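Structure, as structure tokens:
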Amino acid sequence: MTGIQLNGVTKRYGDTEVIAGLDLHIHEGEFLVFLGPSGCGKSTLLRMIAGLEGVSEGQISIGGREVTDLPPARRDVAMVFQHYALYPHMTVYDNMAFGLRNTGVAASEIERRITEAARMLELDALLKRRPAQLSGGQRQRVAIGRAVVKEPEAFLFDEPLSNLDASLRTRTRVELARIHRRLSSTMIFVTHDQIEAMTLATRIVVMNRGRIEQIGAPLEIYRHPATRFVAGFIGAPAMNFIDVEPAGENGGRLLIRLPVDNVVIPTTIAAGSLPPGQLTLGVRAEHVVIDPDGALTGRAEFIERLGDRSLAHVSLASNQLVVIEIPREYELQAGDLIRMSIDAAHLHLFDASGMAHHGG
1 MTGIQLNGVT KRYGDTEVIA GLDLHIHEGE FLVFLGPSGC GKSTLLRMIA
51 GLEGVSEGQI SIGGREVTDL PPARRDVAMV FQHYALYPHM TVYDNMAFGL
101 RNTGVAASEI ERRITEAARM LELDALLKRR PAQLSGGQRQ RVAIGRAVVK
151 EPEAFLFDEP LSNLDASLRT RTRVELARIH RRLSSTMIFV THDQIEAMTL
201 ATRIVVMNRG RIEQIGAPLE IYRHPATRFV AGFIGAPAMN FIDVEPAGEN
251 GGRLLIRLPV DNVVIPTTIA AGSLPPGQLT LGVRAEHVVI DPDGALTGRA
301 EFIERLGDRS LAHVSLASNQ LVVIEIPREY ELQAGDLIRM SIDAAHLHLF
351 DASGMAHHGG
């Protein structure tokens, strides 16, 4: 099997289990992103793939070859770190050539690979400089170039953009996407930043407490989150959550009642398909609609203007805050009373365990 295969991979530090029996197949040539909050185990998992962390249980295969007990140098992967890890006394050229020289690659081949990578990453004019003479973005491109010249089976990126300012992060994201298209290599990228994940990934693996919450394409995860954790973690602003209760059915579809204004909302979810217990409504800002005839009322507490879009932070009668997107034709001010409706086609229900239920 090509790509990278993880079977029952577990990592423990003493009695603490940080990765719990994880199974995952990473397809050859895809750009896979491990996404999750700090401490969820994503960097540990990447380091186990690289061979920088041992595996407590399970197996790792790369390109059809089991590498669980092999050292990093024999795994045919190249890792790009958050802090660049460049040799300060070496030129850009020598930093990129260092690993190749250690593995006995011929000088002519080294020059060919570095020339090609430097052209791809716009490093041609910097090859004689040392890291101290480079900007943060340039140093990061050198670190990426050092990985590219190895021509590995897979590239591993451990939060490589977190030390860059906003404009450089955007530019580097574009460069990484371009490199992936050009090389068609397997790339695994770790981040806590959902924007990086949504813009770069072929698939996203959302992690929480050492386990996989959901795997899917970016838009699939955004539109159909599998759990309340995923729904709250993906999206800016975060999804709104309101506790609701069943209110009967209509045509075999569940009706739900909000605790504010006694509002009953139809859903497209089959009545009787949900387990008993607490229900939580999830709805994104763009699906709470300003509607003069809407049954849901609230008062704008704060207007967040973000250039091409604006958000209103609205206090409901229950004093719960929800965030809604303001259409361009509306001019809202803090303190305005707003009538709203919820787009039933785009609501989500979460049961007491946090699992999502979507309509058909």
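All residue numbers for the sequence shown refer to the working numbering, where the first residue is 1 and numbers rise by one. Quick reminder that beta carbons are idealized off the backbone N, C-alpha and C, glycines included. It should be emphasised that the depicted structure is a prediction, and the values quoted were computed from it without experimental measurement.
Range covered by the alpha helix (DSSP H) that runs through residue i
| i | result |
| --- | --- |
| residue 140 | 136 to 148 |
| residue 125 | Segment: none, residue 125 is in no alpha helix (DSSP H) and carries neither H nor E. |
| residue 231 | 228 to 233 |
| residue 194 | 194 to 200 |
| residue 371 | For residue 371 there is no data in the structure shown, the boundaries of the chain being 1 and 360. |
| residue 187 | Not the alpha helix (DSSP H): residue 187 falls in the beta strand (DSSP E), residues 186 to 191. |
| residue 94 | 92 to 102 |
Supposed close pair residue i, residue j - CB separation, criterion 8 Å
| i | j | result |
| --- | --- | --- |
| residue 140 | residue 164 | 6 Å |
| residue 254 | residue 238 | Actually they are not in contact, since the Cβ atoms of residue 254 and residue 238 sit about 24 Å apart, beyond 8 Å. |
| residue 191 | residue 70 | Actually they do not touch by this definition, with Cβ atoms about 26 Å apart. |
| residue 186 | residue 28 | 6 Å |
| residue 424 | residue 4 | Given a span of 1 to 360 for the chain in the structure shown, any question on residue 424 remains unanswerable. |
| residue 82 | residue 159 | 5 Å |
| residue 351 | residue 358 | About 12 Å; that fails the 8 Å criterion. |
| residue 297 | residue 243 | That pair is no contact at about 18 Å. |
| residue 2 | residue 64 | 6 Å |
| residue 91 | residue 52 | Not quite, the Cβ-Cβ distance comes to about 26 Å (not below 8 Å), so this is no contact. |
| residue 309 | residue 338 | Residue 309 to residue 338, Cβ: 17 Å. No contact. |
Counted within 10 angstroms of its Cβ, other Cβ atoms place residue i as buried (16 or more) or exposed
| i | result |
| --- | --- |
| residue 145 | buried |
| residue 283 | buried |
| residue 84 | buried |
| residue 93 | buried |
| residue 328 | exposed |
| residue 44 | buried |
| residue 319 | exposed |
| residue 133 | exposed |
| residue 196 | buried |
| residue 89 | exposed |
| residue 213 | buried |
| residue 79 | buried |
| residue 100 | buried |
| residue 240 | buried |
| residue 42 | buried |
| residue 233 | buried |
| residue 150 | buried |
| residue 252 | exposed |
| residue 321 | exposed |
| residue 174 | exposed |
| residue 113 | buried |
Residue range of the unbroken beta strand (DSSP E) whose run includes residue i
| i | result |
| --- | --- |
| residue 118 | Here residue 118 belongs to no beta strand (DSSP E); instead the alpha helix (DSSP H) covers 107 to 120. |
| residue 172 | Unbroken run through residue 172 is the alpha helix (DSSP H), 166 to 183; no beta strand (DSSP E). |
| residue 59 | 57 to 62 |
| residue 205 | 203 to 208 |
| residue 245 | 240 to 250 |
| residue 220 | Per DSSP, residue 220 belongs to no beta strand (DSSP E); it is in the alpha helix (DSSP H), 218 to 223. |
| residue 257 | 253 to 257 |
Beta-bridge pairing of residue i - partner residues as DSSP gives them
| i | result |
| --- | --- |
| residue 341 | 289 |
| residue 79 | 156 |
| residue 355 | 227 |
| residue 349 | 281 and 357 |
| residue 325 | 311 |
| residue 5 | 25 and 61 |
Cutoff 9 Å: residue i Cβ touching any chain D Cβ
| i | result |
| --- | --- |
| residue 222 | Among the chains in the structure shown there is no chain D, since it carries only a single protein chain. |
Handout entry: Contiguous beta strand (DSSP E) assignments of at least 3 residues, all confined to the stretch 261 to 321
Key = 264 to 270, 279 to 283, 288 to 290, 296 to 305 and 310 to 316
Handout entry: beta strand (DSSP E) runs wholly inside the stretch 7 to 65, at least 3 long, in chain order
Key = 16 to 26, 31 to 35 and 57 to 62
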